[in-house]
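The numbering used here runs 1122 ahead of the 1-based position in the sequence shown.
Idealized CB from N, CA, C, for every residue including glycine.
If you're wondering where the values come from, they're calculated on a predicted model, not measured in any experiment.
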Amino acid sequence: MTAGKDTRPHPLARLFYENRHLLILVMVVIAVGGITALRTMPRLEDPVIVNRNPQILTLFPGASADRVEALISEPIEQALQEVPEIKFVKSTSSNDISVVVIELKDDIGTPQNKRIFSEIRDKLNDAAANFPPGAEPPFFDDKRNAVGFTLIVSLGWEEGEPNMRILKRLSQDLADRLRSVPGTEVVRLFGDPNEEIAVTIDPAHLANLGLQPSDVTRALQQADSKTPAGTLFGSEVDLPIEVVGELDTVQRITSVPVAQDSLGRTVRVGDVAEVRRDIQTPASAISMVDGERTVLVAARVVSDNLVDVWTERAQAEVDAFKAEVGGGINVEVIFEQDRYIVERLRSLGENLLLGACVVLIVILLSMGLRSSIIVGAALPLTAAMTLFIINITGGKLHQMSIFGMIIALGLLIDNAIVVTDEVRKHRRNGLSPLNAASAAIRHLFFPLLSSTLTTVLSFMPIALLTGGAGDFVGSIAISVIIAVISSFFISMTIIASLAAMSKVPSESERGRFAWIRSGLSGKHLAQYFGSLLGFFLKHPVIAILFNLALPLLGVMLAGTLGSQFFPRTDRDMFEIDVWLPPETSIDKTSQVVAFLEDHLEQDEEVRRVSWLIGGSYPTVYYNLIVNSDESPFYAHGIITTTDADNTDRIVKEFQDWADENVPQAQIVARKFAQGPPADADVELRLYGPSIPRLQELGEQVRLVLAEQPGILHTRMTIPRGQPKLWLDVSEEDLSLAGLSLTESAAQLQSQLSGDVAGIVIEGIEDLPIRVRRPDEQRASLADVESITLSDSSLAGGWLPVSAIGELELRPSESSIDRRKNERLNSVLGFARTGTLPIDITNNVIAELEEKGFELPAGYRLELGGESENQGNAVGNLKTFLPVLVVTMVAVLILSFRNLRLALILLVAAPLSVGYGLLATWAMGFPLSFNTIIGSMGLMGLAFNDNIVVLAALHARRKECAADNQVIIHEVLDCGRHLISTTLTTIGSFLPLLLIIGGEFWPPLAIVLAGGVGGATLIAFTLTPVLYRITVAKFEKI
1123 MTAGKDTRPH PLARLFYENR HLLILVMVVI AVGGITALRT MPRLEDPVIV
1173 NRNPQILTLF PGASADRVEA LISEPIEQAL QEVPEIKFVK STSSNDISVV
1223 VIELKDDIGT PQNKRIFSEI RDKLNDAAAN FPPGAEPPFF DDKRNAVGFT
1273 LIVSLGWEEG EPNMRILKRL SQDLADRLRS VPGTEVVRLF GDPNEEIAVT
1323 IDPAHLANLG LQPSDVTRAL QQADSKTPAG TLFGSEVDLP IEVVGELDTV
1373 QRITSVPVAQ DSLGRTVRVG DVAEVRRDIQ TPASAISMVD GERTVLVAAR
1423 VVSDNLVDVW TERAQAEVDA FKAEVGGGIN VEVIFEQDRY IVERLRSLGE
1473 NLLLGACVVL IVILLSMGLR SSIIVGAALP LTAAMTLFII NITGGKLHQM
1523 SIFGMIIALG LLIDNAIVVT DEVRKHRRNG LSPLNAASAA IRHLFFPLLS
1573 STLTTVLSFM PIALLTGGAG DFVGSIAISV IIAVISSFFI SMTIIASLAA
1623 MSKVPSESER GRFAWIRSGL SGKHLAQYFG SLLGFFLKHP VIAILFNLAL
1673 PLLGVMLAGT LGSQFFPRTD RDMFEIDVWL PPETSIDKTS QVVAFLEDHL
1723 EQDEEVRRVS WLIGGSYPTV YYNLIVNSDE SPFYAHGIIT TTDADNTDRI
1773 VKEFQDWADE NVPQAQIVAR KFAQGPPADA DVELRLYGPS IPRLQELGEQ
1823 VRLVLAEQPG ILHTRMTIPR GQPKLWLDVS EEDLSLAGLS LTESAAQLQS
1873 QLSGDVAGIV IEGIEDLPIR VRRPDEQRAS LADVESITLS DSSLAGGWLP
1923 VSAIGELELR PSESSIDRRK NERLNSVLGF ARTGTLPIDI TNNVIAELEE
1973 KGFELPAGYR LELGGESENQ GNAVGNLKTF LPVLVVTMVA VLILSFRNLR
2023 LALILLVAAP LSVGYGLLAT WAMGFPLSFN TIIGSMGLMG LAFNDNIVVL
2073 AALHARRKEC AADNQVIIHE VLDCGRHLIS TTLTTIGSFL PLLLIIGGEF
2123 WPPLAIVLAG GVGGATLIAF TLTPVLYRIT VAKFEKI
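Next comes the structure, spelled out in structure tokens:
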């Protein structure tokens, strides 16, 4: 042994090598912990996106968009300004409804949500106290988070015209049963009709009796005795009093007296109106499954529960319910999230196992059988320890956490390879097993700790990433961090001890199968690299230029690639959005949908076609946005194909067919997206005070956007006016008839839309009593003109609408958007499948500048869509970057106690990113957020090989300063485990690239694989040269 070296047994080596019971027990505990975690961890397809986007819906029947904005949306916005955790508020004011979407700050997590939501409810109650008469209380929906439903059940009629009242009753019963399943978070109905007690008046009969519809309404209101009548305060008891006669049945409503005729006979409601229990028309939403009208029951499980267990229980409830309802009713599960979870986790799990097999084969070939068994033991142990820690820290098993383990697969074996190789080297040099393990631990502890910490720090910005992007990809980094820390612990304790116990084959062994015992020698490759390194040590400038050429070429070529946020997902489902003009009725929209469905069903690869007309379909994927309530002109379809491979073809073919055959509608078919949801692929927001000016500016931007080759359709959130009938009357004529403008509007509203005259309570359900004209007498312009108006005393007689004014068709605002307390007109662009929305956005901005597009004072332009999401994510990623970079430099300096070594690493490691970008260019992938996070993680991976080389060189720095051959020898001595670790890291990604494929994982895998390969080349050819000219030459020999 060299004098001065510490030959005492290392405490870790002594603890685990000498205490075999402890060694075995630790291995058993880790294994059991991993198995337990695997069985009990909640399983999801995708990470849970924190609910930062609750919605507020407020109905204001009969109100125009500008009235809804002024009286509902703006007061809500003002009230919510007092909640500091809110990032911004966006409102859409349309006819009859206000939709307010809240976005909380990116750093808000699930634990704070309940308190914030409670505060928001208080503010809403304060705002609602000042709402005008006729406005309903605001509904705060905090369940529309970015999580898909777990189970969707369709209830339909097997034959003939469906009885929607029965379907509604049955769907409510099934919903109650699903709510009773333990772990259910929320159950909602879609496409269920609203029931009412319809009092359909006979206008002619009423007029003959000298009555108005308001008389019927007033009579019903006065006859409903559901009001307190005081209390009897006795000496011993207090008894509440109520008047008998509440409106509780159709018969009771029919018998209510309205007036007396000229003969003194009582005129009852049943004499002037038809009273029946009915479905509200027109419907607010219609659900269709494979061409049949249905009601959808959608249920979601709490994210902390085991989805497979909950699904089994929920399915049992559905089966029992189906058996009870018997024939005639079709009860079918049309979506089951658990199937996709199992399929996704199975696919990635198989990739993990295949990657592990590749890793083990590489180790067998490079290190031999015994060493491969020892190193291979690190794989299941580290995986088990990682799963156990993720489980106890509240993590979940989904595609991102598994992919993090796939990334870590090559990393976690690195430490085991290096430690095993070092122990084996010391055993060959004659050290005892205990001393060999001690020497390896003592030599490698700080270099491997340094490489582990730099890897942790390089992935830390991703783990600390806030917002939706952080929720989505943060689990990748967390899994990697836990895995590499676990790997370091296991390598320094268990692997070092197992390697010391193993018999070491002699290097002098020969024979045909000697490689099985000691691995392939690679002497010819070593000689080649030795000669190349010797040349570079003599010509350092050439070495530097050689190592700069490819990385710089990669950076330059990367600039020619397109940009995207996240690739689309690969799934056997896609969505279709259908927009018709805002004035379109829901019946007309249904006709268009039926035409589309007929075409889709002709494709044999289409398995199911489901629609929600008048609103957004229940979320079957976390990325879908539900924000189209009460929209009769809109339909949202979810199409299920036979497999994911056919989805691309069907989407493209259907889009081309729809554009050609349905020109009256805007139809967008697209695959599901990844990452935080966005309203559209491309969005340009124009802010300003004047709606006409915003519309004018928006049209200019929209025309430029529509000209882009990759754009399918464009929309503006404040489009040109929606057609609206205006009654132009003379106030003088109205005054002579004893009427005012307000009274005229009220009477028209009463006869066309109807007045609610009370409610009928059935159990826990309230049925409104609505007094209105028959459907066939409110369907045409002539029907409106024939409506007769009169003052309350009938002194002015009956006047038809046509006698007091003219009906004119004029434009009006169909919707008004606001964001951050400013009006805005968002120009939305929907990109064709396979195009890059961020590039399209950049092209639009460039073309607007070329055309001299300028905004007037008080107006501004802001980017949304994928560009905004990527910008926000990158901005959040940079938040902690300076601190983490300084910390990383500090770790390197403290580990080596040498500033020059740290600088070598800081020069060498970033060059690997250039290799990663070069590999990305070679594969033809666009630059995406996956490329960014892969490059950041790559920085930490690149440090590992270079740290090992520098540690070996610096241990013999005096000899290295005297002789280049020593440098070559030390580098080649590290060669076996450098090549092994590189091949294992790259090999772990091969199944993702070659077998799973798709659009999402390969861009991330290729940048890591290419960068790791480049890092090894740098470790062999650049790091020794930089060490020679910056460190070794200054050593005193």
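message: On the DSSP letters alone, give me the boundaries of the beta strand (DSSP E) that ALA1716 sits inside.
response: In the sequence shown, the residue the question calls residue 1716 occupies position 594. Counting along the chain, ALA1716 falls outside any beta strand (DSSP E), though it belongs to the alpha helix (DSSP H) covering 1708-1722.
task: Assign ASP1360 to one of two classes, buried (16 or more other C-beta atoms within 10 Å of its C-beta) or exposed (fewer than that).
output: As a first step, residue 1360 must be located in the sequence shown, where it is residue number 238. The residue is exposed, with fewer than 16 neighbouring Cβ atoms inside 10 Å.
- prompt: Which value, in whole angstroms, describes the spacing of the CA atoms of GLY1633 and PHE2047?
  reply: As a first step, residue 1633 is located in the sequence shown; it is residue number 511 there, counting from the start. As a first step, residue 2047 is located in the sequence shown; it is residue number 925 there, counting from the start. Annotation note: pLDDT 49 at GLY1633 (below 50); position unreliable, no value reported.
query: Which of helix, strand or coil does DSSP assign to ASP1888?
result: Walking along the sequence shown from the start, residue 1888 turns up at place 766. Three-state DSSP puts ASP1888 in a strand.
task: Return the Cβ separation of PHE1312 and ALA1436 in integer angstroms, given the expectation that the two are a contact with Cβ distance under 8 angstroms.
output: Reading the sequence shown from its first residue, position 190 is the one you call residue 1312. Reading the sequence shown from its first residue, position 314 is the one you call residue 1436. Wrong, their Cβ atoms sit about 17 angstroms apart, outside the cutoff.
query: What are the start and end residues of the beta strand (DSSP E) that includes ARG1130?
result: Here residue 1130 is taken as the residue at index 8 of the sequence shown, counted from 1. Unbroken run through ARG1130: none, as it is neither H nor E.
- request: Please name the residue, chosen from ARG1165, ASP1694, ASP1781 and GLN1459, that lies closest to GLY1517 on a Cα-to-Cα basis.
  value: Position 395 of the sequence shown, counting from 1, holds the residue named residue 1517. With distances taken between Cα atoms, GLY1517 lies closest to ARG1165.
- prompt: What separation, rounded to the nearest whole angstrom, lies between the Cα atoms of ILE2089 and ASP2067?
  reply: Position 967 of the sequence shown holds residue 2089. Position 945 of the sequence shown holds residue 2067. Taking the straight line from one Cα to the other gives about 16 angstroms.
task: Tell me, please, whether the stretch 1959-1974 touches the stretch 1834-1846 by the rule of three or more beta-carbon pairs shorter than 8 angstroms.
output: no
Closest Cα partner of ALA1621 within the set PHE2122, VAL2134, ILE2108 and LEU1145: Counting from 1 along the sequence shown, the entry for residue 1621 is found at position 499. For ALA1621, the nearest C-alpha among the options comes from LEU1145.
message: Buried or exposed, going by whether 16 or more other CB atoms sit within 10 Å of the CB of ARG1546?
response: Here residue 1546 corresponds to residue number 424 of the sequence shown, with the count starting at 1. Classification of ARG1546: buried, given that the 10 Å Cβ count is 16 or more.
field: Range of the contiguous beta strand (DSSP E) that encloses ASP1593
entry: On the sequence shown, position 471 is the one that residue 1593 refers to. Note, ASP1593: premise wrong, no beta strand (DSSP E); alpha helix (DSSP H) at 1589-1612.
query: Apart from the five residues on each side of it in sequence, which residues of its chain come closer than 7 angstroms, Cβ to Cβ, to ALA1665?
result: In the sequence shown, the residue the question calls residue 1665 occupies position 543. The residues are PHE1658, THR2143, LEU2144 and VAL2147.
field: C-alpha distance - ILE1194 paired with THR1180, whole-angstrom precision
entry: Residue numbering aside, residue 1194 sits at position 72 when the sequence shown is read from its first letter. Residue numbering aside, residue 1180 sits at position 58 when the sequence shown is read from its first letter. Each residue's alpha carbon lies about 8 angstroms from the other.
message: Taking the beta carbon of TRP1733 as the centre, do at least 16 other beta carbons fall within 10 Å, making it buried, or is it exposed?
response: Taking the sequence shown and counting its residues from 1, the one referred to as residue 1733 is at position 611. That one is buried.
field: Reference ASP1767, options GLN1521, GLY1449 and THR1691, closest by Cα
entry: The residue labelled residue 1767 in the question sits at position 645 within the sequence shown. Answer by Cα proximity: THR1691.
task: Please report how far the alpha carbon of ALA1135 lies from the alpha carbon of SER1653, in whole angstroms.
output: Along the sequence shown, one-based indexing puts residue 1135 at 13. Along the sequence shown, one-based indexing puts residue 1653 at 531. In a straight line, the C-alpha of ALA1135 is about 38 angstroms away from that of SER1653.
query: Where do the N-terminal and C-terminal ends of the alpha helix (DSSP H) with VAL1677 fall, by residue?
result: On the sequence shown, position 555 is the one that residue 1677 refers to. Per DSSP, VAL1677 belongs to the alpha helix (DSSP H) from 1662-1680.
Cβ-based neighbour list, GLY1450, same chain, cut-off 7 angstroms, excluding 5 preceding and 5 following: Walking along the sequence shown from the start, residue 1450 turns up at place 328. Only GLU1280 meet the Cβ criterion.
query: Quick one, which of ARG1730, ILE1789, LEU1160 and ILE1747 has its alpha-carbon nearest PRO1703's?
result: As a first step, residue 1703 must be located in the sequence shown, where it is residue number 581. Checked all of ARG1730, ILE1789, LEU1160 and ILE1747; the closest Cα to PRO1703 is ILE1789.
- prompt: Can you tell me the Cα-Cα spacing of PRO1335 and ARG1895, whole angstroms?
  reply: Within the sequence shown, the letter at position 213 stands for residue 1335. Within the sequence shown, the letter at position 773 stands for residue 1895. Rounded to the nearest angstrom, the two C-alpha atoms are 9 angstroms apart.
Close Cβ partners of ILE1539 (< 6 angstroms) along its chain, the five nearest in sequence each way excluded: For this step, residue 1539 is matched to residue 417 along the sequence shown. Hits under 6 angstroms: VAL1497, HIS2099, SER2102 and THR2103.
Separation of LEU2014 from GLY2062, as counted between CA atoms: The residue you call residue 2062 lines up with position 940 of the sequence shown. The residue you call residue 2014 lines up with position 892 of the sequence shown. Cα to Cα, GLY2062 sits roughly 12 angstroms from LEU2014.
message: If I follow the unbroken alpha helix (DSSP H) through ASN2086, where does it start and stop?
response: If you number the sequence shown from 1, residue 2086 lands on position 964. Start and end: 2086-2113.
- request: For ALA2074, I'd like the list of residues in its chain whose CB is within less than 7 angstroms of its CB, leaving aside the five on either flank, ordered along the chain.
  value: For the purposes of this step, residue 2074 is taken as residue 952 along the sequence shown, with counting starting at 1. Same-chain partners within the cutoff: GLU2092, ASP2095 and CYS2096.
field: Cα-Cα separation, ILE1603 to ALA1249
entry: Translated into the one-based positions of the sequence shown, residue 1603 becomes position 481. Translated into the one-based positions of the sequence shown, residue 1249 becomes position 127. Their backbone Cα atoms lie some 47 angstroms apart in a straight line.
task: Return the CA-CA distance between ALA1868 and SER1738, expressed in angstroms with no decimal places.
output: Here residue 1868 refers to the residue found at position 746 of the sequence shown. Here residue 1738 refers to the residue found at position 616 of the sequence shown. Looking at the two C-alpha atoms, the distance is approximately 32 angstroms.
field: Separation of ALA1585 from THR1839, as counted between CA atoms
entry: Residue numbering aside, residue 1839 sits at position 717 when the sequence shown is read from its first letter. Residue numbering aside, residue 1585 sits at position 463 when the sequence shown is read from its first letter. Rounded to whole angstroms, THR1839 to ALA1585 spans 36 angstroms at the Cα level.
- prompt: Based on Cα-Cα distance, which residue from HIS1758, PHE1687 and VAL1663 lies nearest to THR1701?
  reply: Walking along the sequence shown from the start, residue 1701 turns up at place 579. In the sequence as displayed, the identity of residue 1701 is Trp instead of Thr. Out of HIS1758, PHE1687 and VAL1663, HIS1758 has the C-alpha closest to the C-alpha of TRP1701.
- prompt: Going straight from the alpha carbon of ASN1175 to that of ILE1224, what length do you get?
  reply: Residue mapping note: residue 1175 aligns to position 53 of the sequence shown, counting from 1. Residue mapping note: residue 1224 aligns to position 102 of the sequence shown, counting from 1. Cα-Cα distance, rounded: 5 angstroms.
message: Would SER2034 and PRO1673 qualify as a contact pair, given that the criterion is a beta-carbon distance under 9 angstroms?
response: Within the sequence shown, numbered from 1, the residue matching residue 2034 stands at position 912. Within the sequence shown, numbered from 1, the residue matching residue 1673 stands at position 551. Taking 9 angstroms as the Cβ cut-off, SER2034 and PRO1673 qualify as a contacting pair.
query: GLU1207 and ILE1238 look like a contact to me (Cβ under 8 angstroms); what is the Cβ gap, rounded to whole Å?
result: Start at 1 with the first residue of the sequence shown, and residue 1207 comes out as number 85. Start at 1 with the first residue of the sequence shown, and residue 1238 comes out as number 116. That pair is a contact at about 5 angstroms.
Host alpha helix (DSSP H) of LYS1444 (start-end): What you label residue 1444 is simply residue 322 of the sequence shown in a count that begins at 1. From DSSP, the alpha helix (DSSP H) with LYS1444 extends over 1429-1447.
- prompt: Where in the stretch 1719-1788 do unbroken runs of the beta strand (DSSP E), each at least 3 residues long, occur, reported from the N-terminal end onward?
  reply: 1728-1735 and 1756-1763
task: Using 10 angstroms around the beta-carbon of TYR1650, count the other beta-carbons present and answer buried if the total reaches 16, otherwise exposed.
output: Taking the first residue of the sequence shown as position 1, residue 1650 is located at position 528. Counting Cβ neighbours within 10 Å, TYR1650 comes out exposed, since fewer than 16 surround it.
task: Determine the extent of the beta strand (DSSP E) in which GLY1278 is found, giving its start and end residues.
output: The residue you call residue 1278 lines up with position 156 of the sequence shown. Per DSSP, GLY1278 belongs to the beta strand (DSSP E) from 1273-1279.
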